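The sequence shown runs 41 to 309 under our numbering.
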Amino acid sequence: MGFMKTVETEAIVLHASDYGESDRIVSFYTLEAGLVRGIAKGARRSRKRFVNSLETGSVVHLSYRVRRGLFWVEGCKLLELHEPLRSDFFRWGHACLLCEAVLRMSPEGLNQPELFHLLRRGLERLGSDRDPWNVTALFLLRLVVLSGNMPALERCSQCGKGLERGQGWIWNLPRGLLLCSEHGLQPSESVSLDRGSVLLMRLAAAAPPEKLWRMRFRKDAARALVRAMATWMEHQSGRRLRCMKILNPPGAVPLPQKERNHRGMDESI
Ligand SMILES: [Zn+2]
């Protein structure tokens, strides 16, 4: 076995699960290598060695080795626990959704440092912003931009009508199109938006990172955007975003029956 260099990087814990009797498998988004899934030997037995550092949302200094095609966690030192998030159930749900969305949407082996910074700032912002839905909407929008699926938000893709000439618009996520209200049908992965929200989306898609978090969608627009983008990400990845259950508690926001069936939800949700 040749010498294997240890990689050191800042990272954010996306998810951790038990593996075997004593280990844990941990997914990180790292600054140096994008998405990394590593085995933390003994992490179940000796929690002391990884105090709080394998919790979802934690920012850590990670060191790992690559051996036999697997990533082995050597050390994981906590840098930021995001304490304010962990004492608030709904903010925590939003934080988990951010992490889960990155886990589902980032291909392994693709390194996007701007995604690391976006997630880190998004988690910080969730701890303090008065409207977590707005933070999540901005975050997911930028994730759609980074995945290359954001349409040019200038005119109806079908009739060419300019944004300035219509009040009602439809963003069709599966087809990656902006459509005017006459040409956009509304399946479950589309979202209906007023012109002001589309203009704000356009600004948010291109804003420098330090200006992003000051932008504010109307409350209903932020919620509609989050739901539509989350549903689209579920279909893209073929996996449920489990954290959406925390944000949509039973009875709070009933979906139309048709949409519930379409999304394969059981009746108890
Ligand atoms: Zn049109």
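Note that beta-carbon positions come from the ideal geometry of N, C-alpha and C, so glycine has one too. Note that the coordinates shown come from a computational prediction; the quantities given were computed from them, not determined experimentally.
| Query | Result |
| --- | --- |
| Below 8 Å on the Cβ atoms is my guess for Leu71 versus Pro153; work out the distance and round it to an integer in Å. | 6 Å |
| Within 10 Å of its beta-carbon, does Leu54 have 16 or more other beta-carbons around it, so buried, or fewer, so exposed? | buried |
| Kindly indicate which three-state DSSP category Val91 falls into: helix, strand or coil? | coil |
| Gly78: buried (16+ other C-beta within 10 angstroms of its C-beta) or exposed? | buried |
| With a CB to CB cut of under 6 Å and the five nearest residues on each side skipped, what residues in its chain are close to Leu281? | Glu140, Ala270 and Glu274 |
| So, for Ala244: in the same chain, excluding its five sequence neighbours on each side, which residues have a beta-carbon less than 7 Å away from its beta-carbon? | Leu178, Leu181, Leu252 and Met255 |
| Rounded to whole angstroms, what's the CA-CA distance from Arg258 to Ser237? Just pull it up for me. | 8 Å |
| Under the DSSP definition of a beta bridge, which residues are partnered with Phe111? | Gly78 and Val106 |
| Have a look at Val383 and Leu159 and give me their C-alpha separation to the nearest angstrom. | Absent from the structure is residue 383, since the part of the chain shown begins at 41 and ends at 309. |
| Which runs of the beta strand (DSSP E), 3 residues or longer, sit entirely within the stretch 97-185? | 99-107 and 110-120 |
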